Each structure stands twice: as C-alpha cells, then as structure tokens.
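Here is the structure we will look at.
Residue numbers (our numbering): 2 to 594.
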C-alpha cells in the first residue's frame, strides 16, 4: 500500500506540473496576440454573438492614400445585390462622412465599428465554413495612368486561394488585373455538367412508384425521342439547345403537368411582392396560385409540389420578433418542410425531389441549403457556390417598376440607329464593377461606362435610351452573380454581354445562350472593347435578331401567354424533374397526342 500511495502522489505532482506548463503556454500565446498587431485592428466573431461580424485585418499603410475621394466597404458574400435605395444611401452617406478629410486608419476603424453592425447576420451561417473577402475600393482615381506598371493588383493581395482570401484588405490601384477568387466554369463545362446530371441523377428512388411517376418517365422517353417538327413557327432553332426536345417537352407539360400548392402562413407564404428587383418570385407565386390549368387541389394527382414562400419576405423578417439570426431563417424553412412531411407522405416518398421553390433574394441559395434536395429556381445561380446544374434552374431577375404595366417601354432602336458600342451604368456593388469603370470609364467615345445614374424620372429615361441605342449592353455582376441587366438587355433588344464568372444563365437547360449573348470572363475586362470590335457586323446582326426572337421568354403578362416567362420557369422545373425521375417499376409508354 505504501508503494501505491507514493506512486499516486508522484502521479498527481506530475499532473500539476503539466497543467502549469499548459497554463504558461496559453498565457504566452494570448500576450503575443495582444502585442503583435501594432498596425491594425482585429474583429473576432464570437460563437455566441447574435451579430455576424466579418473578421477583418486592416493595415494602416493601405488606408493612407490622399487621392481617396470615396470609400466603399464591399463584403463579397451572399448579401444584398438589390439593396434598398434608402438603406444604400444612408450607408454611402455614413461612409463618406466618416472618411472626409481623414487619412488615418484610426478614424476608418471607428467608422467600421459602427457600420459593420448594419450588416448584422448577413451570411453569418457561412463564417465557419467559407472564406470571407472584405475589400476597400477607392474611387476618385481617374487621374491615374492606366499604362503605369508600378502598382499592385486591385485587392493588394493574392486571393487565389481561400486561405489567402480570408483576411485581406486592399485599395484600388492603376494597373490592377481582375482577380478570380474561384476558377471560372466555361459554358462548355456547364453543358457537360448538365449532361452528367441527367446521366447520373442523384434523386431519391421513390419508396413506391405511382401513376404520376409512370407519366413522367413516359414523358422523358417521348422527349428524348422527339423528332424535328415545324409545327410551331414562332420558335426558331438557332436560340435553343435542341428545338425538337423543347417543343415536345413544352407540349407534354401543357397536357400532363399538375401542381399541388402547399399552405403556409402569411406574410412569408402566399404574399407575393410584385415590384422591385426581387419581383420574379412574386410574379410567379401570384400567377401560379391563380392558375386553373396546372394547379390541383388533390395532391395525389400532382407531379410537382410547390413551396410558396417568398425569400424576400423571409429576409425582411430578420431582426424581427421571431428571427434574430440567419440560421433562424434556415431553421424556419426546415421546420416547415418537416411539418408538411409529417402531414403528407409526398416529401418523404421522393426525399423532396418532386418539390420545388422559386426564390430570388441573394440569400436564397443559402437559406434553402437544408432543403436543397428539392428543385430550386434561384436568381443567385452560382455554380461554384451550391447551385446544382441540371437539378436547380435559374430564375431570371426582372426589375419590375409597375405592376400594372410590366411591359412598358418594351423594344429598342434598329441596329442601324445603335451608335453606342457598349453601355453600362450601375452602383458600385461588389468587386467587379469598380474594375470595369477603372478600365473603361471615359476611355473611349463608343464605350459608355458609368457609375450609378440618378434615380429620378430623367435618370431612368436616360438609362433606357442608352440601352435602346447600344449594340451591346454590359451585364456586370454585383455582389452576387446575377443582375437584372440580362433581362433588361433582352427587353430593350440589346445584345447582352454577361461578365459574371460561374453564373448559369436562365433556362440554360433549353436555350443556347451563345447564339444571342456574349459571355466574357472577368479576367478579360481589359480586352472588352477588342472582344466586341472583333465580332463581325454580320454576326452582330444575327445575334440582335435572335435577342428579339428569345424576348418572348422573358416577359411577364398579367394573364400568362404561351412561352412567356411564367411558363418558361414552370417548364424548367418540369424539365429538370422529368429528366431526374426514377422509378422502381417497369415503364409503360404513355402516348400523348
């Protein structure tokens, strides 16, 4: 026993020594952290905080530029691409006020302390899993010489990898090159992903096959074996991936498809907002719920099940009585799906593969990540951030200013009267647009590249006239990959030039975007004018004519008409479901004439 007791005392002594060493090491690390950042300030997110804080390291030397006239803090994340004008104006005013007549980093730091609280909970759900990039873009550098080779890149840091991108800040310089945070996915690669998605569908095989499943599988065989047809003169083969398949698929959708709409509680459900930058989800909800052709009251007759929530209304509920954190919004949707899964058998039967949602807010791609087994029609169709080509479909961004006259000012000048080579105007949202302006604002007379135009009546009129008078309209991404300028270009019959890496264009399943649009990688902005001038006039005229042909697919009508935007959104959902259907039973061909 004596030996045992002695051994035990020695063991306890060694443990105490070990704990003392660990405590000293931790204390040393803490002291080192406190004294090693003499030129900066650290914002560290607290796991228990209800405020989402971006980890930011500020180097005072990057903020000592006497030419800095305006300072914009752009959080490159899934934030508000179509921010509220009043909130945006207040933010801009506060930014300028905080930086007027000041070169010191201490004043900027004091401003950041207050301004970052305005972005509370924006994408805080990603802070542990995805890198953040915060950048400071300085305007007022128009006097700089673009030919100078002495300055560093736009962000002032190597952001080619997430590790380097996590805590970087920089200023805009003169000979920057657009940086790619992620490698861009080409159109051909997107087409390959689409085919792979069809060939290797991951949708859950139903627990039991139904008559509706057999109808969908029969439709897939019919569409796959579609023959060339000229029955629809308004459709032109040049703007489609495969006009025969599209024609047959649309025809079968009209004859077969039935949709069941779940019930929900207002205002998040059944309360569409039909004006503004997120109007697409509202118009679809309104027209879907009022449709008598496709909608059925008996869910057993349905091929598809619609979750009628508004991502815009859900986002607006943040910081209210019930939602204090982005994760609360995600949980709300997850709880809703669990509720309907408990009440009905349809979600569990396919794992949600025959359910769909339509959401246009920037955050929707993340708000719906817990229910992403369903088909998602999303405006934020970023193929590098969770958008699944072949299962999900792109919802066009339509900025609706008048509910009563959504087609007001439709059309544009003929090609012979379009004297402007390229046009862009818009707010400095995100990292890309300042780059576009730095290279091309006031550089060439035929390149009309501007910042934001006035929001008054005259400013809006000038914006329309520029689009109607331009050969090419630049559709540069904002905070996210999507922008309403893609649809606006088609609306005003201007060939869209899409500059947004990894953006999957609307109705990519059926439309051949390279036939009527120019897709330019972000890294090629310095060569933008040369790219446009290299397009032969004959090809431009063909593309302009095709823009007019495809225009019908991007128009809202108060009463839906064939091939319009409402039907095209529904068709993309139908098409993706048809080509991902799985069944346990033998398939019998169902002829639909």
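Ideal Cβ placement from N, Cα and C applies to all residues, glycine included.
Quantities reported herein were computed from a predicted structural model and do not represent experimental measurements.
Query, Result
"Residue 520, DSSP secondary structure in three states", "strand"
"Integer-rounded CB distance, given that residue 523 should sit under 8 Å from residue 185", "7 Å"
"Span of the beta strand (DSSP E), counted from its first residue to its last, around residue 425", "421 to 425"
"C-alpha distance - residue 609 paired with residue 513, whole-angstrom precision", "Nothing about residue 609 can be read from this structure; the chain reaches only from 2 to 594."
"Helix, strand or coil at residue 369 according to DSSP, with G and I counted as helix", "coil"
"Whole-number beta carbon distance between residue 436 and residue 532, since they are thought to touch under 8 Å", "The pair is not a contact, with the Cβ atoms about 15 Å apart (cut-off 8 Å)."
"Assigned secondary structure, residue 187 (DSSP; H/G/I helix, E/B strand, else coil)", "coil"
"Integer-rounded CB distance, given that residue 250 should sit under 8 Å from residue 224", "5 Å"
"Test item: CB-CB of residue 359 and residue 334 under 8 Å", "no"
"Contact the region 316 to 331 vs the region 280 to 290: 3+ CB pairs below 8 Å", "no"
"Inter-stretch contact (C-beta, 8 Å, three-pair minimum) for the region 380 to 392 and the region 343 to 352", "no"
"Whether residue 394 touches residue 376 by CB criterion (8 Å)", "yes"
"Backbone secondary structure at residue 377 - three-state DSSP", "strand"
"Sheet register partners of residue 448 (DSSP bridge)", "423"
"Distance CB(residue 411)-CB(residue 472) smaller than 8 Å", "no"
"Secondary structure of residue 525, DSSP reduced to three states", "helix"
"Helix, strand or coil at residue 393 according to DSSP, with G and I counted as helix", "strand"
"Inter-residue spacing [alpha-carbon to alpha-carbon] between residue 582 and residue 369", "22 Å"
"Secondary structure of residue 497, DSSP reduced to three states", "strand"
"DSSP state of residue 285 mapped onto helix, strand, coil", "helix"
"Residue from 459, 406, 355 and 449 whose Cα sits closest to the Cα of residue 419", "449"
"Residues bridged to residue 471 [DSSP beta-bridge criterion]", "421"
"Three CB pairs or more closer than 8 Å across the region 486 to 493 and the region 545 to 559", "yes"
"Contact check, residue 500 vs residue 469, beta carbons under 8 Å", "no"
"CA nearest to the CA of residue 554, picked from 544, 565, 560 and 561", "565"
"Identity of the residue in 575, 403 and 536 nearest residue 511 by Cα", "575"
"Whether residue 198 touches residue 391 by CB criterion (8 Å)", "yes"
"Extent of the continuous beta strand (DSSP E) run through residue 305", "305 to 307"
"Span of the beta strand (DSSP E), counted from its first residue to its last, around residue 260", "260 to 262"
"Given residue 291 as reference, the closest of 519, 273 and 221 once Cα atoms are compared", "273"
"Pair within 8 Å by beta-carbon distance, residue 556 and residue 408", "yes"
"Rounded straight-line distance, which links the Cα of residue 315 to that of residue 309", "12 Å"
"Option nearest residue 195 by Cα separation, candidates 438, 539, 19 and 505", "505"
"Beta-ladder partner(s) of residue 357, from DSSP", "307 and 376"
"Spatial distance of residue 313 from residue 357 (CA atoms)", "17 Å"
"CA nearest to the CA of residue 483, picked from 380, 211 and 306", "380"
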